[in-house]
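The numbering of the sequence shown is full-length UniProt numbering, which starts it at 1 and goes up by one. We put the CB at the ideal spot given by N, CA and C, even for glycine. Owing to the predicted nature of the structure, the values given are computational and were not obtained by experimental measurement.
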Amino acid sequence: MYGGKRLRCKTTSENPGTEETTDKGQSVDFLSAGSSLKLYIQQQDQSVNPWSCQKEKQQNQEMQIPSSEDTFPANNGGSNVCSGTTIVQGYEVKASVAPVLTAIFAKYGDIAANCQYKSPSVRACLLEIVSDVVRRLQSTDIPLTVSEIKVLQNEMKDLEATKLKLSWLTQPLEKISEVERIAGMRSMLKSVKASSMLVIKAATKELEDALMELVALQKRMGEAEKRINAMKLVVQKVDNAIKEAEDQERHWLRNMNELP
Numbered sequence: 001m002y003g004g005k006r007l008r009c010k011t012t013s014e015n016p017g018t019e020e021t022t023d024k025g026q027s028v029d030f031l032s033a034g035s036s037l038k039l040y041i042q043q044q045d046q047s048v049n050p051w052s053c054q055k056e057k058q059q060n061q062e063m064q065i066p067s068s069e070d071t072f073p074a075n076n077g078g079s080n081v082c083s084g085t086t087i088v089q090g091y092e093v094k095a096s097v098a099p100v101l102t103a104i105f106a107k108y109g110d111i112a113a114n115c116q117y118k119s120p121s122v123r124a125c126l127l128e129i130v131s132d133v134v135r136r137l138q139s140t141d142i143p144l145t146v147s148e149i150k151v152l153q154n155e156m157k158d159l160e161a162t163k164l165k166l167s168w169l170t171q172p173l174e175k176i177s178e179v180e181r182i183a184g185m186r187s188m189l190k191s192v193k194a195s196s197m198l199v200i201k202a203a204t205k206e207l208e209d210a211l212m213e214l215v216a217l218q219k220r221m222g223e224a225e226k227r228i229n230a231m232k233l234v235v236q237k238v239d240n241a242i243k244e245a246e247d248q249e250r251h252w253l254r255n256m257n258e259l260p
């Protein structure tokens, strides 16, 4: 109980904001970017501030905050303990992107100053997207793929259409995209080279085997040629012997005809 009321912060999936409910059934919604806390006020005392989720335990206060909610101490910069948001140059954004957004503002100024959307909450959402992109680019744990960079470039085009000043981000993205494209081409060429080397290796082995077969064939051809030449000599000698025999036969026949 706090000032005659019992205050409870409770997570709900139906309503992303916070709701103040009296015992009469009346309710008032409070916008809380990124928060899912629901405040139930069960007494009639109207002096309680529904945003006063304080850390210190009070005897007349009951609070239940889910452990998954990020809480930050209240400060003059506008941090919201219940919602996990903080104020960066007038924009209420997630505390997780606040350091990145602060660095962006410090270097490039208010990049949402000329945004076509005048609502601070809409501009804050757009700035959160930009900050998330920058944080993703700064992360070196998981390198971006060409398709992921293309998605980021499309997001930047959509954001630039709202008149956000993003030339400082789109140009590096284009360079990164070109680098990744060249890296992808280099990887593909290396793969083609590896495949070609395998083909060359297989063809070289086939050629070596063919050369070995050729050497063996040439050896067999040489041996066959020697046998042919040897047989030719034999045939020539036989021919000479046959001619000599024929000559002798004719000689004896003539001698026989000359007998009285």
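Could you compute how far the alpha carbon of residue i sits from the alpha carbon of residue j?
i           : j           : result
residue 194 : residue 188 : 10 Å
residue 85  : residue 121 : 12 Å
residue 201 : residue 219 : 27 Å
residue 128 : residue 146 : 23 Å
residue 233 : residue 225 : 13 Å
residue 172 : residue 196 : 35 Å
residue 206 : residue 213 : 11 Å
residue 185 : residue 151 : 19 Å
residue 155 : residue 209 : 59 Å
residue 101 : residue 192 : 44 Å
residue 249 : residue 228 : 31 Å
residue 247 : residue 235 : 18 Å
residue 257 : residue 243 : 21 Å
residue 158 : residue 183 : 27 Å
residue 245 : residue 251 : 10 Å
What residue from the options has the CA that sits closest to residue i's CA?
i           : options               : result
residue 111 : 211, 231, 119 and 160 : 160
residue 275 : 169, 166, 148 and 162 : Because the chain in this structure spans residues 1 to 260, residue 275 falls outside the shown range and cannot be described.
residue 103 : 241, 250, 118 and 130 : 130
residue 143 : 253, 251, 177 and 241 : 177
residue 105 : 119, 87, 116 and 255  : 87
residue 109 : 116, 124 and 89       : 89
residue 91  : 253, 231, 124 and 241 : 124
Comparing the CB of residue i with every heavy atom of the ligand MN, is any distance shorter than 7 Å?
i           : result
residue 253 : As for the ligand MN, it is missing from this structure, which has no ligand bound.
How far does the beta strand (DSSP E) with residue i in it reach, from first residue to last?
i           : result
residue 91  : 91-94
residue 145 : Per DSSP, residue 145 belongs to no beta strand (DSSP E) and is neither H nor E.
residue 88  : 85-88
Along the chain, where does the alpha helix (DSSP H) containing residue i start, and where does it finish?
i           : result
residue 129 : 120-138
residue 103 : 98-108
Please decide whether residue i counts as near chain C, where near means a Cβ-Cβ distance under 8 Å.
i           : result
residue 228 : No chain C is present in this structure, which holds just one protein chain.
For this session: Ignoring anything shorter than 3 residues or poking outside the segment 163-227, list the beta strand (DSSP E) runs there in chain order.
Result: Unbroken beta strand (DSSP E) stretches of 3 residues or longer found wholly inside the segment 163-227: none.
Exercise. Three or more beta-carbon pairs under 8 Å between the segment 136-152 and the segment 88-97, yes or no?
Worked result: No, the segment 136-152 does not touch the segment 88-97.
Exercise. Are three or more beta carbon pairs between the segment 164-176 and the segment 197-215 nearer than 8 Å?
Worked result: At 8 Å Cβ cutoff, the stretches do not touch.
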